[in-house]
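Chemist: Going letter by letter, the sequence shown gives residues 247 to 694 in the numbering used here. Built from N, CA and C at the ideal position, the CB exists for glycine as well. Pasting a structure below so you can have a look.
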Amino acid sequence: MLVRIELKDVEIGMFVHAFEGSWFDHPFWRRYFRVETQEQLDRIRNSDIDGIIIDDERGRGPADGREPDAPAQMQRAARAPASGRGQGKAKPVRTAAVFSPPHSPADEASRRRTGYVGECRRAKRTIDRTCAAVVDMFDDARLGRAIGVRRMVRLAGTIGASIERDSKALINLVRLKEKDEYTYLHSVAVCALMINFARHLELDPQQVEDLGVAGLLHDIGKVAVSDQILNKPGGLSKDEMRSVRSHPVAGYRLLASSPGAPALALELCLRHHEKVDGTGYPGGLKGDELSLAARMGAICDVYDAVTSNRPYKRAWTPCEALTAMKQWEGHFDPVLLDRFADSLGIYAVGTLVRLSTGELGIVVGSTGEADEDVVVRAFFDCAMLAEIEPVDRAIAPSAEHPRIVGRDSPSFWRFDDWETLRARLLAPPEAREAAVGEGRPIGPRGLA
Ligand SMILES: [Fe+2]
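Okay, here's the thing in structure tokens:
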């Protein structure tokens, strides 16, 4: 349980979940940690922050007389219903959010007022500020200065807060980058994708934050590669390729000498170009040899690369990107790739989905201004257990009805020859304009 306590009540053994007041005023670069030394305790007690929120399941509880190192379950068992001193001072904090930088009630009210459009405006400012900081960081690295990790932690926190308010706004905006902005905005995008993915996987809040920071830092080794090579439109020579392939190790070395860089950032920096079949670089690691961070990072890195405009190719839509990535056997962890798609609400072409209309449909493409709407060809009535005349429905991500309930299983519905049925459904229907139904019928803009 999260509990708010006064600074004077903080003790060694407590697990800090958040600092109250301005995040800029708190005396640590990490947001989540266990208080383990007298020096940490003194810094907290002497800081300008107003209060502190602790997690009593991950460390010592508030003034309950337990030993600092007692395991959490033992601590919970030891908590008497009316355990004496200090109970009146500690206030439980209601929060189910993962990676939740403290928000003021004003923040919450503002979010409700402004909705998606308002969050896009805030997200744009966050992207601009973070991009400028990433440019500074690359410049510092080129000049041999230390990486400002603390600044990156703060910015990852701001990006995490935006995603917590609205998971789509910042991620949709940062995808729409121009060719010359790619190197720096790619770091911002990977940060946002990693945070969103990690939240979806319900990872520990500290891991969510560290993976966000890792996203900002993962390509720092590109300072060792010339812009001419990075932005070259055509193919690369052997030497140029060798230079590009040196960036994970170069980045790792830079971060290893930067105080405060999270271990997950070093891991992501070194391993984001590995593949599960062992054909990646620099280590050629495969399968279980690759950490969760490495496997997540490989997906986020490639997804942002292929959905961005590059000097040598136009951006793919999210649906096109996922469809292609699922076909690159041996590149990504397939289970994680599905979880990543779920985290963004995107579907590969040919995926069987169930709709809130009670129909089954097959994903045929995407449409809309930012290709956010999924086009589903509904073909089966679940109540009647019968095929219906196929109709294309454009489903907006925020739509209440019709909406995609989730992926479904062809074998559950006994589509014995699913591949043949899928091929037939993906073929362009002759009379699409005749389609009717509650969803928005669309023109021929799907991928089929
Ligand atoms: Fe990279």
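On the three-state DSSP scale, how would you describe Leu389?
Modeler: Residue state, collapsed to three classes: coil.
Chemist: Measure how close the beta-carbons of Ile405 and Leu422 come, nearest whole angstrom, since I'm counting them as under 8 Å.
Modeler: About 16 Å; that fails the 8 Å criterion.
Chemist: Which one of Arg556, Ala632, Gly497 and Pro564 has the shortest CA to CA distance from Ser612?
Modeler: Among Arg556, Ala632, Gly497 and Pro564, the Cα nearest to that of Ser612 belongs to Pro564.
Chemist: For His577, is the beta carbon positioned less than 7 Å from some heavy atom of ligand 1?
Modeler: Not so, every heavy atom of ligand 1 lies at least 7 Å from the Cβ.
Chemist: Nearest CA to the CA of Met247: which residue from Ile299, Thr603 and Phe265?
Modeler: Among Ile299, Thr603 and Phe265, the Cα nearest to that of Met247 is on Ile299.
Chemist: Once you ignore the five residues that flank Tyr428 on each side, which residues in its own chain have a CB closer than 7 Å to its CB?
Modeler: If we look at Tyr428 and ignore the five residues flanking it on each side, its Cβ neighbours are Ser554 and Arg556.
Chemist: Does the region 468-483 touch the region 516-530, meaning 3 or more C-beta pairs lie closer than 8 Å?
Modeler: At 8 Å Cβ cutoff, the stretches do not touch.
Chemist: Under the DSSP definition of a beta bridge, which residues are partnered with Ala438?
Modeler: Looking at the DSSP assignment, Ala438 forms no beta bridge with any residue, so it has no partner.
Chemist: Which residues in the same chain as Ala343 place their Cβ atom closer than 8 Å to its Cβ, once the five residues preceding and following it in sequence are excluded?
Modeler: Here Ala343 scores only 36 on pLDDT, less than 50, and its place in the model should not be relied on; the value that follows carries that caveat. Closer than 8 Å at the Cβ level, and outside the excluded window around Ala343, lie Glu410.
Chemist: So is Ile290 in contact with chain B if we call contact Cβ pairs under 8 Å?
Modeler: Reference to chain B is not applicable here, since this structure consists of a single protein chain.
Chemist: Alpha carbon to alpha carbon, what distance is there between Thr283 and Ala438?
Modeler: Their Cα atoms are separated by approximately 33 Å.
Chemist: Arg639: which of Phe625, Gly506 and Ile545 sits nearest, CA to CA?
Modeler: Comparing Cα positions, the closest option is Phe625.
Chemist: Determine whether the beta carbon atoms of Leu590 and Val622 lie at a separation below 8 Å.
Modeler: Not in contact: Leu590 and Val622 (Cβ atoms no closer than 8 Å).
Chemist: Identify the residues that DSSP records as bridge partners of Val363: which are they?
Modeler: The partner list for Val363 (beta bridge, DSSP) is empty, contrary to what the question assumes.
Chemist: Any heavy atom of ligand 1 closer than 7 Å to the Cβ of Asp465?
Modeler: Asp465: yes, Cβ under 7 Å from ligand 1.
Chemist: In terms of residue numbering, what span does the alpha helix (DSSP H) encompassing His493 cover?
Modeler: Per DSSP, His493 belongs to the alpha helix (DSSP H) from His493 to Ala502.
Chemist: Determine the closest residue to Val637 out of Leu512, Thr603 and Arg306, with distance taken between C-alpha atoms.
Modeler: That would be Thr603, whose Cα lies nearest to the Cα of Val637.
Chemist: Starting from Gly652 and walking both ways along the beta strand (DSSP E), at which residues does that stretch end?
Modeler: Note, Gly652: beta strand (DSSP E), Ile650 to Arg653.
Chemist: Going by C-alpha to C-alpha distance, which of Asn442, Thr376 and Gly607 sits closest to Ala632?
Modeler: Ranking Asn442, Thr376 and Gly607 by Cα distance to Ala632 puts Gly607 first.
Chemist: According to DSSP, what are the bridge partners of Asp523?
Modeler: Asp523 pairs with Lys532.
Chemist: To which residues does DSSP link Ile608 through a beta bridge?
Modeler: The partner list for Ile608 (beta bridge, DSSP) reads Leu598 and Arg623.
Chemist: Please name the residue or residues paired with Arg280 in a DSSP beta bridge.
Modeler: DSSP lists Phe261 as partners of Arg280.
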